[in-house]
Amino acid sequence: MARHTQADPAAPARAAGKATSPRNKLRGRFPAAALVLLAASLCAPALQAQPQLKSEFTIARIKYRGGGDWYSDPSIIPNLLRFLAQNTTIITGKDERQVELTDHELFAYPVVYLTGHGRIQFSPEEAQQLRLYLTSGGFLYADDDYGMDKYFREEMAKVFPEKKWVELPFSHPIYHCHFEFSGGVPKTHEHDGGPPKAFGLFHEGRLIAYYTWNTNISDGWADPEVHGDPPEVREQALRMGANIVVYALLN
């Protein structure tokens, strides 16, 4: 599987090979079996017949202060994990984990998720820990559930005052690494109308944070009765969620 890292997200994907920076401690703590199984599912179908090792992948939801509903839609992560189990050879757990940014346990999870409708607040220590987590190999997926954009950007500016969010081009590998999204991130909910947008933060050429706005992809992972989304909309949202996880684990 080619590893894609980009200093300029609009530039062509890099050729296959090792990243220029050494692999970090956080990635080393994630069970290698899940990565092997994922690579098998994407790169060598014949390997899928091999015995599966028992290591479970899950996603940790970030608990934050400020009054925003970090806990919104509790069914979304279990549903995405189930979809991953059915559509890749990643061995998943059944439930999300919930972590505060100051928890040492944060570094046990290669992918963390953040959402909400309103205010987010990071303490200086939380901002420092999130920075360390992301620059040590962790990956953040943040999804605006309508109303958190202003606050999220302000708080992430505390985490990375030197970095700017970059809108990802449709050619970025996150849209092609498993399911094909030639038009970029799909539209799940209308919100204020207009096209969906997706932004990234990069560290040493690696995408470390992926942020979707004006679409609310993760709402499409919820149980069908929660938002009443049509089946085809939910399917696209789940497929995009799978791409996010696949990309995060292989880059």
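Each residue of the sequence shown is one higher than the last, beginning at -17 in our numbering. Each residue gets a CB set at the ideal place from its N, CA and C atoms; glycine is no exception.
- For the set Trp147, Gly48, Arg43, the Cα lying nearest the Cα of Ala191 is the one of Trp147.
- The residues Leu183, in chain order, have a CB closer than 7 Å to that of Lys145 in the same chain once the five nearest residues on each side in sequence are set aside.
- Taken through DSSP and simplified to helix, strand or coil, Arg101 comes out as coil.
- Tyr53 sits exposed, since fewer than 16 C-beta atoms from the chains shown fall within 10 Å of its C-beta.
- For Ser57, the CB contacts under 7 Å within the same chain, skipping 5 residues up- and downstream, are Ala204, Asp205, Val208 in chain order.
- Here Ser164 is exposed, its C-beta having fewer than 16 other C-beta atoms within 10 Å.
- Annotation for Phe134: the continuous alpha helix (DSSP H) segment containing it runs 131 to 141.
- Contact check for Ile72 against Phe39 passes: the beta carbons are separated by less than 7 Å.
- Taking Gly100 as the centre and dropping the five residues before and after it, the same chain places the C-beta of Gly48, Gly49, Gly50, Asp51, Gly129, Met130, Tyr133 closer than 8 Å to its C-beta, in chain order.
- Taken through DSSP and simplified to helix, strand or coil, Phe184 comes out as strand.
- Pairing Pro168 with Gln218 gives a Cβ-Cβ distance under 7 Å.
- By DSSP's assignment, Tyr192 forms a beta bridge with Tyr123, Gly182.
- Take the alpha-carbon of Glu136 and the one of Pro106: they are about 13 Å apart.
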